[in-house]
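Engineer: Take this structure first; my questions come after.
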Amino acid sequence: MCPRIELNCVRIAPTCESGRLSLESLAIFRMSASVSASAVKGAMRRKVADAGGTVPHDPPHDPPHDPAHDPAHDPAHDSIPIAPLILSSFMTAPQPRVHILPILTRAVISVAFIAAGVAVFSWLYWTRAQPPASDPSATGRLRLLVSEPFELDVGRRFRAFGQARARNAADVPARVTAPVVKLHPNYREGATVAAGEPLITLDDSDFQRQLSIAEESIKAIDAQLSILDLDRSSLARALELSEEDARLAKDDLDRVRRAAEQDAAVAREVDRARGAAIGAERAVISARDASEKLPFRRTALIADRARQEAARDIAKLSLERSTIVSPMAGVLQVADLDVGEMAAPGVRVARVVDVSEIEIPILLPAGARRFVVVGDRALLRADRAGADPIEARIARIAPEDDSATRTMTVYAEAAGSAELAPGAFLEAEVSARADHPRTVVPRRAVSGGRINTVQDGMVRGFAVVVEFAFTGTPFSVQAPRLPDTEWIVLADPLPAGTLVVLDGSRRLREGAPVTAIRQGAEPSAEFLKPAIETP
Numbered sequence: 000m001c002p003r004i005e006l007n008c009v010r011i012a013p014t015c016e017s018g019r020l021s022l023e024s025l026a027i028f029r030m031s032a033s034v035s036a037s038a039v040k041g042a043m044r045r046k047v048a049d050a051g052g053t054v055p056h057d058p059p060h061d062p063p064h065d066p067a068h069d070p071a072h073d074p075a076h077d078s079i080p081i082a083p084l085i086l087s088s089f090m091t092a093p094q095p096r097v098h099i100l101p102i103l104t105r106a107v108i109s110v111a112f113i114a115a116g117v118a119v120f121s122w123l124y125w126t127r128a129q130p131p132a133s134d135p136s137a138t139g140r141l142r143l144l145v146s147e148p149f150e151l152d153v154g155r156r157f158r159a160f161g162q163a164r165a166r167n168a169a170d171v172p173a174r175v176t177a178p179v180v181k182l183h184p185n186y187r188e189g190a191t192v193a194a195g196e197p198l199i200t201l202d203d204s205d206f207q208r209q210l211s212i213a214e215e216s217i218k219a220i221d222a223q224l225s226i227l228d229l230d231r232s233s234l235a236r237a238l239e240l241s242e243e244d245a246r247l248a249k250d251d252l253d254r255v256r257r258a259a260e261q262d263a264a265v266a267r268e269v270d271r272a273r274g275a276a277i278g279a280e281r282a283v284i285s286a287r288d289a290s291e292k293l294p295f296r297r298t299a300l301i302a303d304r305a306r307q308e309a310a311r312d313i314a315k316l317s318l319e320r321s322t323i324v325s326p327m328a329g330v331l332q333v334a335d336l337d338v339g340e341m342a343a344p345g346v347r348v349a350r351v352v353d354v355s356e357i358e359i360p361i362l363l364p365a366g367a368r369r370f371v372v373v374g375d376r377a378l379l380r381a382d383r384a385g386a387d388p389i390e391a392r393i394a395r396i397a398p399e400d401d402s403a404t405r406t407m408t409v410y411a412e413a414a415g416s417a418e419l420a421p422g423a424f425l426e427a428e429v430s431a432r433a434d435h436p437r438t439v440v441p442r443r444a445v446s447g448g449r450i451n452t453v454q455d456g457m458v459r460g461f462a463v464v465v466e467f468a469f470t471g472t473p474f475s476v477q478a479p480r481l482p483d484t485e486w487i488v489l490a491d492p493l494p495a496g497t498l499v500v501l502d503g504s505r506r507l508r509e510g511a512p513v514t515a516i517r518q519g520a521e522p523s524a525e526f527l528k529p530a531i532e533t534p
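Next up, the structure:
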């Protein structure tokens with residue numbers, strides 16, 4: 000079956016489950032649409048009549064459909080029309096009022112902003128800088144600033160970075176194990192100390208006892224050596240007597256043997272004489288052995304004495320090392336210990352830095368090795384605003400290049416100052432020595448490997464090869480200056496009398512007529528000094 004159709008759903012066409020309209024459903028849909036339209040017209044006429052107006056007459060039309068006489072009409076399916084209610088509420092709603100004051104306010108503000116913009120534009124226009132009037136004689140010619148190139152003995156400049164460090168600095172370690180019993184007045188960070196000035200005193204009671212033991216042992220050994228001197232003379236005499244006794248015993252044995260051969264002595268007498276000879280010989284051996292051992296005993300005692308002397312020296316050194324002193328003059332950077340703490344050998348207790356001499360390792364490109372030599376000038380500047388340049392000299396050059404970074408290391412030395420503190424990160428410009436004069440032009444005059452020159456009032460372009468660039472302020476105070484600090488050194492010299500156009504970025508037609516305006520002067524000797532711009 001098809002779904003039930005509401006009379007007020009005038010915009011929805013009824014469909015059945017099959018998606019098609021049956022003839023009966025289509026007729027009901029058309030009838031409900033007609034009834035809804037008639038109801039809307041009737042509601043509008045009633046509203047107009049209630050308001051006191053005249054009810055307009057419709058043109059002739061078909062008689063209205065009466066749902067009561069329609070046999071197919073079902074009162075249960077009637078619905079209240081919505082369109083008349085919406086139209087009624089719209090016609091009876093109050094109309095909004097138009098506010099004039101906000102509109103006038105917005106208009107006045109808009110006009111004020113426009114007037115302010117026009118005033119600012121007018122002020123900028125009438126106060127703009129007026130260019131100077133052109134020379135009537137040079138009408139139709141470009142006016143170009145030019146300058147002559149400079150022939151100067153200038154070497155290559157290399158800009159790099161490095162970190163300053165003190166040329167002389169020392170970490171002061173403890174050399175004995177002992178507790179701290181005293182801190183001297185200058186043992187604190189930032190204090191200036193002299194070479195050999197005491198910093199810390201350790202407990203030295205153990206070292207004093209060791210020194211006493213070593214000295215007493217030396218005395219005992221000296222006594223034994225004196226006894227050996229006495230024994231040497233006694234043993235020498237005893238050896239002489241033993242040898243004499245052995246000779247007599249041997250002679251007696253010979254006589255007894257001769258008597259026995261003549262049957263004047265019995266065998267017992269021979270044996271007794273032989274035993275006496277053996278005993279005398281044993282005594283000689285003992286005396287000789289004791290006498291021969293004397294040098295070795297002396298050597299052992301001397302060695303023992305040397306050992307005790309070493310122990311005594313160590314004890315003395317320990318006593319001296321119990322007072323830790325500064326190895327050099329400088330400023331104390333680190334002070335780590337306090338009273339009661341234990342100092343151990345090899346543990347740092349202080350660091351002393353001599354700030355009078357500063358060394359700066361500078362990393363340069365490996366290709367700079369053939370230009371930079373010992374004694375070249377290096378200009379240093381701390382990496383902070385307002386730092387003043389500091390002049391230094393190359394003192395050493397490392398023999399090997401770093402294959403990882405393709406750099407070489409040079410060591411510059413300078414006197415210590417507030418601007419050059421150890422540990423400061425520095426910007427450096429190393430200036431190699433000049434071997435021959437080179438042509439120098441302002442950097443702004445070169446663009447794309449070309450420069451423009453003025454010859455006989457005409458523009459001529461040249462292709463140039465840039466050898467290197469550098470930073471400097473070359474002009475003296477007496478002469479007009481070029482406002483340039485960046486310069487280019489050309490590989491090949493320019494012809495004499497050439498006027499170089501300073502603005503190399505301008506595109507000029509070859510052979511165009513121009514008016515050359517000179518600017519600048521010959522450079523002073525200060526040009527040879529490298530300079531780093533101060534931000």
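Be aware that the sequence shown starts at 0, since it is given in numbering that gives the first Met the number 0, and climbs by one per residue. The beta carbon of each residue, even a glycine, is placed where N, CA and C say it ideally should be. Remember, predicted model here, so these are calculated numbers, not experimental data.
Among I102, Q162 and P494, whose alpha-carbon lies nearest the alpha-carbon of E426?
Structural biologist: For this step, residue 426 is matched to residue 427 along the sequence shown. That would be Q162, whose Cα lies nearest to the Cα of E426.
Engineer: Quick check on R383 - is its C-beta less than 9 Å from some C-beta in chain D?
Structural biologist: Checking the listed chains, one finds no chain D in this structure; it contains a single protein chain.
Engineer: Check the C-beta distance from A245 over to A282 and give it rounded, since I have them as a contact under 8 Å.
Structural biologist: Here the question's residue 245 lines up with position 246 in the sequence shown. Here the question's residue 282 lines up with position 283 in the sequence shown. Correct: roughly 7 Å between the Cβ atoms.
Engineer: Check for me: the beta strand (DSSP E) holding D203 runs from which residue to which?
Structural biologist: Counting from one through the sequence shown, the residue named residue 203 turns up at place 204. Run containing D203: none; DSSP gives neither H nor E here.
Engineer: Grouping DSSP H, G and I as helix and E and B as strand, with all else coil, what is T298?
Structural biologist: Here residue 298 refers to the residue found at position 299 when the sequence shown is read from its first residue. Residue state, collapsed to three classes: helix.
Engineer: What's the gap between the Cα of V255 and the Cα of A272?
Structural biologist: As a first step, residue 255 must be located in the sequence shown, where it is residue number 256. As a first step, residue 272 must be located in the sequence shown, where it is residue number 273. One C-alpha to the other measures close to 7 Å.
Engineer: Could you give the distance in angstroms between the alpha-carbon of L229 and the alpha-carbon of A235?
Structural biologist: As a first step, residue 229 must be located in the sequence shown, where it is residue number 230. As a first step, residue 235 must be located in the sequence shown, where it is residue number 236. The straight-line gap from Cα to Cα measures roughly 10 Å.
Engineer: Are the region 385 to 394 and the region 410 to 424 touching by the rule of at least three beta carbon pairs closer than 8 Å?
Structural biologist: Under the 8 Å Cβ criterion, the region 385 to 394 counts as touching the region 410 to 424, having at least three qualifying pairs.
Engineer: Thinking C-beta only, is A365 closer than 9 Å to R306?
Structural biologist: Walking along the sequence shown from the start, residue 306 turns up at place 307. Walking along the sequence shown from the start, residue 365 turns up at place 366. A365 is positioned such that its CB atom lies no closer than 9 Å to that of R306.
Engineer: Could you pull the start and end residues of the beta strand (DSSP E) that V348 belongs to?
Structural biologist: The count along the sequence shown starts at 1 and reaches residue 348 at position 349. Start and end: R347 to P364.
Engineer: Determine the burial state of L419: buried for a count of at least 16 other Cβ atoms within 10 Å of its Cβ, exposed for fewer.
Structural biologist: The residue you call residue 419 lines up with position 420 of the sequence shown. L419 should be labelled buried.
Engineer: In whole angstroms, what separates the C-alpha of V488 from that of Q454?
Structural biologist: For the purposes of this step, residue 488 is taken as the residue at position 489 of the sequence shown. For the purposes of this step, residue 454 is taken as the residue at position 455 of the sequence shown. Straight-line Cα distance between these residues: approximately 21 Å.
Engineer: P535 by DSSP, collapsed to three states: which one?
Structural biologist: Not covered by the structure: residue 535. The range shown for the chain is 0 to 534.
Engineer: Taking the alpha-carbon positions, what's the P482 to R437 distance?
Structural biologist: For the purposes of this step, residue 482 is taken as the residue at position 483 of the sequence shown. For the purposes of this step, residue 437 is taken as the residue at position 438 of the sequence shown. Taking the CA atoms as reference points, P482 sits about 21 Å from R437.
Engineer: Please list the terminal residues of the continuous beta strand (DSSP E) segment that includes S109.
Structural biologist: Residue mapping note: residue 109 aligns to position 110 of the sequence shown, counting from 1. Note, S109: premise wrong, no beta strand (DSSP E); alpha helix (DSSP H) at I99 to W125.
Engineer: Can A173 and G329 be called in contact, C-beta distance under 9 Å?
Structural biologist: Counting from 1 along the sequence shown, the entry for residue 173 is found at position 174. Counting from 1 along the sequence shown, the entry for residue 329 is found at position 330. Not a contact, by the Cβ cut-off of 9 Å.
Engineer: Helix, strand or coil: how does DSSP classify E485 here?
Structural biologist: In the sequence shown, residue 485 corresponds to position 486, counting from 1. Per DSSP, reduced to three states, the secondary structure at E485 is strand.
Engineer: Within this structure, are the beta carbons of I396 and R368 separated by less than 9 Å?
Structural biologist: Your numbering for residue 396 matches position 397 in the sequence shown. Your numbering for residue 368 matches position 369 in the sequence shown. Yes, the pair counts as a contact, with Cβ atoms nearer than the cut-off.
Engineer: Could you give the residue range of the beta strand (DSSP E) that holds L141?
Structural biologist: For the purposes of this step, residue 141 is identified with residue 142 of the sequence shown, where counting begins at 1. Note, L141: beta strand (DSSP E), L141 to S146.
Engineer: Alpha carbon to alpha carbon, what distance is there between G422 and R383?
Structural biologist: Within the sequence shown, residue 383 is the residue found at index 384, counting from 1. Within the sequence shown, residue 422 is the residue found at index 423, counting from 1. Taking the straight line joining both Cα atoms gives about 13 Å.
Engineer: Please identify the residue among R304, P344, L362 and A417 whose C-alpha is closest to the C-alpha of E356.
Structural biologist: Taking the first residue of the sequence shown as 1, we reach residue 356 at position 357. Cα-wise, what sits closest to E356 is A417.
Engineer: Which class does S504 belong to by DSSP, given the choice of helix, strand or coil?
Structural biologist: Numbered from 1 along the sequence shown, position 505 holds the residue referred to as residue 504. Residue state, collapsed to three classes: coil.
Engineer: Can you pull the DSSP bridge partners for F424?
Structural biologist: Translated into positions along the sequence shown, residue 424 becomes position 425. Q162, per the DSSP bridge assignment.
Engineer: Going along the chain, which residues of its own chain have a beta-carbon closer than 8 Å to the beta-carbon of G52, five neighbours each way excluded?
Structural biologist: Here residue 52 refers to the residue found at position 53 of the sequence shown. Confidence is the limiting factor: at G52 the pLDDT is only 46, short of 50, which leaves the residue's position unreliable, though a coordinate-based value still follows. The answer is none, since no qualifying residue turns up.
Engineer: Which ranges would you report for the beta strand (DSSP E) in the region 256 to 340 if only whole runs of at least 3 residues count?
Structural biologist: 322 to 324 and 329 to 334
Engineer: Identify every run of the beta strand (DSSP E) within the region 371 to 401, keeping only runs that are complete inside it and at least 3 residues long; order them along the chain.
Structural biologist: 376 to 381 and 389 to 396
Engineer: Exposed or buried, which one is G503 when buried takes at least 16 other CB atoms within 10 Å?
Structural biologist: Numbered from 1 along the sequence shown, position 504 holds the residue referred to as residue 503. Counting Cβ neighbours within 10 Å, G503 comes out buried, since at least 16 surround it.
Engineer: Can you tell which of E308, L100, P494 and R166 has the C-alpha that lies nearest to the C-alpha of K218?
Structural biologist: Residue 218 sits at position 219 when you count from the first residue of the sequence shown. Answer by Cα proximity: E308.
Engineer: Taking the beta carbon of T452 as the centre, do at least 16 other beta carbons fall within 10 Å, making it buried, or is it exposed?
Structural biologist: The residue labelled residue 452 in the question sits at position 453 within the sequence shown. T452 should be labelled buried.
Engineer: Is it true that the CB of S325 sits closer than 9 Å to the CB of V346?
Structural biologist: The sequence position of residue 346 within the sequence shown is 347, counting from 1. The sequence position of residue 325 within the sequence shown is 326, counting from 1. Against a cut-off of 9 Å, the Cβ pair of S325 and V346 comes out as no contact.
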